[in-house]
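Residue numbers (the UniProt record's numbering): 1 to 458. Every residue gets a Cβ at the ideal spot worked out from N, C-alpha and C, and that includes glycine.
Now the structure itself:
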């Protein structure tokens with residue numbers, strides 16, 4: 001039977017129990033337990049960390065100072081989280097190690113001895129304090145540690161946030177925010193970006209429509225407007241100024257935009273500034289009609305496909321497809337590789353890439369290694385037919401008539417859009433915003449700075 005020597009140290013506000021076995025473990029393997037009088041409270045209401053049923057962050061019940069790193073004992077996953085010493089030292093966030101203005105490292109990683117060890121690791125109320133063999137001292141908050149342990153790595157802020165799938169029913173009560181609230185207080189911006197994350201789209205009502213610059217300012221409240229071969233902020237009528245069906249009055253089926261970019265646009269915005277009869281038309285015979293906007297939740301459609309036909313889902317999530325933009329003079333754009341229709345990170349849906357009009361020639365069967373797949377073209381067509389059928393179901397189609405003063409902003413990675421044919425002249429303005437810039441704005445308007453920085457993980 002093993003015997004232990006128990007030491008008790010008293011520090012202000014805490015009692016430290018250090019337990020070291022007499023044998024057979026070496027003296028370098030030391031277990032330190034800390035009992036505190038105050039319970040640890042979650043530092044942020046939306047923190048993406050492991051929590052108990054009461055909603056409070058659950059720090060490790062003990063830490064082990066091992067030769068290879070700091071081992072955490074947690075109520076959920078015991079003995080699975082070992083943080084290497086070099087990794088911990090490299091990620092010290094103290095003021096001397098990280099420039100507090102730029103949040104960049106102030107030291108050269110590989111000047112740190114490869115065999116650096118902790119001379120002491122102390123479990124405190126709000127995190128772990130490490131005293132290093134080179135004399136440096138670091139402190140790691142529980143929120144930071146939890147973000148990188150086995151349980152914390154399972155999701156990030158975006159993937160852990162609530163998503164509500166929608167169908168035709170949402171047309172009667174779509175998510176909305178008011179223009180003045182978004183342009184005013186930070187909370188209005190937080191509300192708008194949250195709704196986009198949650199539902200995939202939002203209407204910004206009360207937006208001035210006599211001056212398109214007001215719409216541009218609204219989009220720039222999120223981030224800078226992305227430049228493409230169509231320009232930046234657009235303001236157009238259906239005159240085929242660009243060689244794209246969007247610049248006509250024809251109906252458009254549900255699709256995502258910019259499938260031909262390696263990274264498609266993250267957000268897209270439409271603001272109908274006016275819809276009038278065509279010049280010279282008999283106003284009694286021709287009204288300004290049609291042009292209803294179609295929204296389809298691509299993530300919802302993907303989940304339905306996975307449930308109804310898992311094989312078809314796997315095909316569309318695996319086989320890469322060529323997408324292109326080639327209609328305009330001197331423009332020929334394709335991604336750097338073939339991308340599938342459905343993209344995932346692990347099991348989490350990340351992006352839908354679907355525009356049959358912009359799809360190139362489908363690759364035929366090839367040996368494994370070419371296109372990283374051996375899925376046949378026939379299998380892809382069968383799967384895409386099922387996908388197309390789901391997208392066209394009436395219960396999936398949300399039809400909404402755009403109106404001057406109401407700006408539609410939607411997640412182009414999730415929500416497919418289209419429109420019905422129309423008569424008359426429509427003037428639309430809007431633009432694209434990069435996904436990363438949108439997510440950055442969402443995080444900084446909804447979460448505290450410490451949590452945001454802790455969420456920047458590998």
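Query: Residue 25 versus residue 298: straight-line alpha-carbon distance, rounded; Result: With a pLDDT of only 34 at residue 25, under 50, the local geometry of the prediction cannot be trusted, and the value read off the model is given with reservation. Cα to Cα, the separation comes out at about 55 Å.
Query: Neighbourhood of residue 191 by C-beta, 6 Å cutoff - its chain only, sequence neighbours within 5 removed; Result: 177
Query: Cutoff 8 Å; reference residue 309; Cβ partners in own chain excluding five residues on either side; Result: 383 and 386
Query: C-beta contact flag for residue 257 and residue 265 at 8 Å; Result: yes
Query: For residue 84 and residue 327, the rounded distance between their alpha carbons; Result: 53 Å
Query: Minimum C-alpha distance to residue 339 - residue among 352, 320 and 357; Result: 320
Query: The segment 169 to 183 in contact with the segment 84 to 101 per 3-pair CB rule at 8 Å; Result: no
Query: Whole-angstrom C-beta distance between residue 432 and residue 225, which should lie under 8 Å; Result: 7 Å
Query: Span of the alpha helix (DSSP H), counted from its first residue to its last, around residue 300; Result: 298 to 308
Query: Given residue 141 as reference, the closest of 61, 126 and 115 once Cα atoms are compared; Result: 126
Query: Identity of the residue in 146, 105, 137 and 114 nearest residue 81 by Cα; Result: 146
Query: Local Cβ density within 10 Å of residue 353, reported as buried at 16 or more and exposed below that; Result: buried
Query: Residue of 365, 425, 229 and 131 minimising C-alpha distance to residue 86; Result: 131
Query: Buried versus exposed call for residue 46 [16 or more other C-beta atoms within 10 Å across all chains shown]; Result: Note that residue 46 has pLDDT 31, beneath the 50 cutoff, so the model's placement of it is unreliable and no number is given.
Query: Residue 78 in three-state terms, based on DSSP; Result: The predicted model places residue 78 with a pLDDT of 46, which falls under 50 and marks its position as unreliable; any figure quoted below should be read in that light. If DSSP states are grouped into helix, strand and coil, residue 78 belongs with coil.
Query: Distance between beta carbons of residue 293 and residue 392, contact taken as under 8 Å; Result: The pair is not a contact, with the Cβ atoms about 16 Å apart (cut-off 8 Å).
Query: When 69, 325 and 212 are compared against residue 230, the one with the closest alpha-carbon; Result: 325
Query: Inside the segment 54 to 128 only - alpha helix (DSSP H) runs reaching at least 4 residues; Result: 85 to 90
Query: Neighbourhood of residue 23 by C-beta, 6 Å cutoff - its chain only, sequence neighbours within 5 removed; Result: Legend: pLDDT at residue 23 = 34, less than 50; position of this residue unreliable, value from coordinates given subsequently. Hits under 6 Å: none found.
Query: Beta-carbon gap between residue 193 and residue 72 smaller than 8 Å; Result: no
Query: Residue(s) in a DSSP beta bridge with residue 444; Result: None; residue 444 has no bridge partner.
Query: Cβ-Cβ separation, residue 435 to residue 222 (assumed contact under 8 Å), whole Å; Result: No, residue 222 and residue 435 are not in contact; Cβ-Cβ is about 11 Å, not under 8 Å.
Query: Spatial distance of residue 277 from residue 378 (CA atoms); Result: 46 Å
Query: Assigned exposure category for residue 169 - 16 Cβ within 10 Å defines buried; Result: exposed
Query: Exposure of residue 59, with buried meaning 16 or more beta-carbon neighbours within 10 Å; Result: buried
Query: Residues near residue 317 by beta carbon distance below 7 Å, same chain, minus five either side; Result: 340, 342 and 344
Query: Presumed contact (8 Å Cβ cut-off) between residue 289 and residue 430, rounded CB distance; Result: Not really, about 21 Å apart at Cβ, beyond 8 Å.
Query: Boundaries of the alpha helix (DSSP H) in which residue 158 is found, first to last residue; Result: 157 to 160
Query: Between the CA atoms of residue 407 and residue 203 - distance to the nearest angstrom; Result: 5 Å
Query: For residue 179: DSSP bridge partner residues; Result: The partner list for residue 179 (beta bridge, DSSP) is empty, contrary to what the question assumes.
Query: For residue 323, the nearest candidate out of 259, 307 and 118 (CA to CA); Result: 259
Query: For residue 390 and residue 311, the rounded distance between their alpha carbons; Result: 15 Å
Query: Burial state of residue 138 (16 or more Cβ within 10 Å); Result: buried
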